[in-house]
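First comes the structure, then the notes that go with it.
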Amino acid sequence: MREIDRIVLHHSGRGVFGMLEFPIFTNLMHKNKYHFLVERDGKVYNGRPIEIPGEHTDAYDPHSVGICLIGNLNKRVPTEKQNRVLINLVSGICQEFHLSPSDIYGHRELEQTICPGRNVNLDEIRGQVEETLFVDSLPVIF
Ligand SMILES: [Zn+2]
């Protein structure tokens, strides 16, 4: 397994055809670049297998997991379901690869871009993941 040191969040944006909020179309377009895609209705699509680097953040591709939120999140906000599923997915990846919330990045924090969209609050996402990881780490008492 390759070494994973970060998770990078993206949005599908407007894209070349200006119609990338179309689920099936978007998924086909992006399946091969990202590892996971999160649809606006909360459905998760698997893209590239996690053992293989994605093609989404150039220099960071070899050591990262790429997740794409479907939608133009400069114009719209992530749906509640989309956000909830994202938090679960990211928390799961953090546990699997021993990452912490500070290893979660938005594309814009690594490269010159607005991606994953101006309506995505990265600190809020890191905070929600932190809470999820904390709750999951509590001992279960019967
Ligand atoms: Zn991006």
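Count along the sequence shown from 1, then add 119; that gives the number in our numbering.
Beta carbons are placed, not taken as given, at the ideal position from N, Cα and C, and that holds for glycine.
The nearest non-hydrogen atom of ligand 1 is less than 7 Å from the C-beta of Pro235. Counting along the chain, the unbroken alpha helix (DSSP H) around Arg203 starts and ends at Glu199 to Phe216. Per DSSP, the beta-bridge partners of Cys187 are His129 and Leu156.
For Val163, the three-state secondary structure derived from DSSP is strand. Put simply, the segment 166 to 176 does not touch the segment 189 to 208. Fewer than three CB pairs are less than 8 Å apart. Between His175 and Ile123, the C-beta spacing is not below 8 Å. Closer than 7 Å to some heavy atom of ligand 1: that describes the Cβ of His175. Exposed is the label assigned to Pro258, since fewer than 16 other Cβ atoms lie within 10 Å of its Cβ. At the C-beta level, Leu192 and Val239 come within 8 Å of one another.
In terms of Cβ geometry, Pro220 and His130 do not form a close pair [threshold 8 Å].
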